[in-house]
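Below is one structure, written out as C-alpha cells; the observations come after it.
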Amino acid sequence: METIEMVDVWRRVIVGDEKSWVLFENGTCVILMDPEDDLAAQAIEILREYGPVHPGSPAADFGTIDLEAAPGWVVYGHHNDVLNYVSPEEIEAPEDVVIGLLGRSKRDQDGKGLTVVHVEDKRPDR
C-alpha cells in the first residue's frame, strides 16, 4: 500500500481529530498523546523501544481490532499507541492469528528501520 493510501486509512481510523501521529515505512502508526516539539523524533524513540519483537516477552504479544471506518484490521501490541493496519488484500485467511502476525511483523520491521514517511501534526498551536 502506498504512503498516501496509508495516510488516508489512518485519517479515517484514528478516533479524535486532535491527535498527532507519525507513520513509518511499513505502516506502523505511532499516536502521540503528549506531543513534543519534534514529533518524528518522539515517535522514533517510542518505536525504537516498543517496535522490535522479542519472542517470549510482552513485545511479542498482539491483539486485533475489526475496523468500521476502513476495510481491514488494526493490530496493537504492548504499547497502546503503536498500531499497524492490515488490509484484506494482504492476507488469504482473515483469522486473528494471521492478521496479528502480519501486523506484528510490520511493527518489528519499522522498529528496526525507523523510517518516517508522514507526520500528522494536529497540535492546536501549529
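Those letters in the sequence shown? Residues 49 to 174, by our numbering.
Cβ coordinates follow ideal geometry from the N, Cα and C atoms, glycine included.
These figures come from a predicted structure and were not determined experimentally.
DSSP places G151 outside any beta strand (DSSP E); the residue lies instead in the alpha helix (DSSP H), whose first and last residues are D144 to G161. Here the alpha carbons of R59 and L131 stand approximately 13 Å from one another.
Going by DSSP, V78 is part of the beta strand (DSSP E) stretching over T76 to L80. Contact check between the stretch 148-165 and the stretch 65-73: three or more CB pairs, one atom from each, fall below 8 Å, which counts as touching. Comparing alpha carbon positions, the residue from H127, P119, V145 and L150 closest to P136 is P119.
L131 carries a strand assignment under DSSP once its states are collapsed to helix, strand and coil.
Rounded to the nearest angstrom, the gap between the Cα atoms of W121 and D56 is 15 Å. A straight-line Cα-Cα distance of about 22 Å links G161 and D169.
The beta carbons of Y124 and I139 sit no closer together than 8 Å. Excluding five sequence positions before and after P172, none of the CB atoms of its chain fall closer than 6 Å to its own CB.
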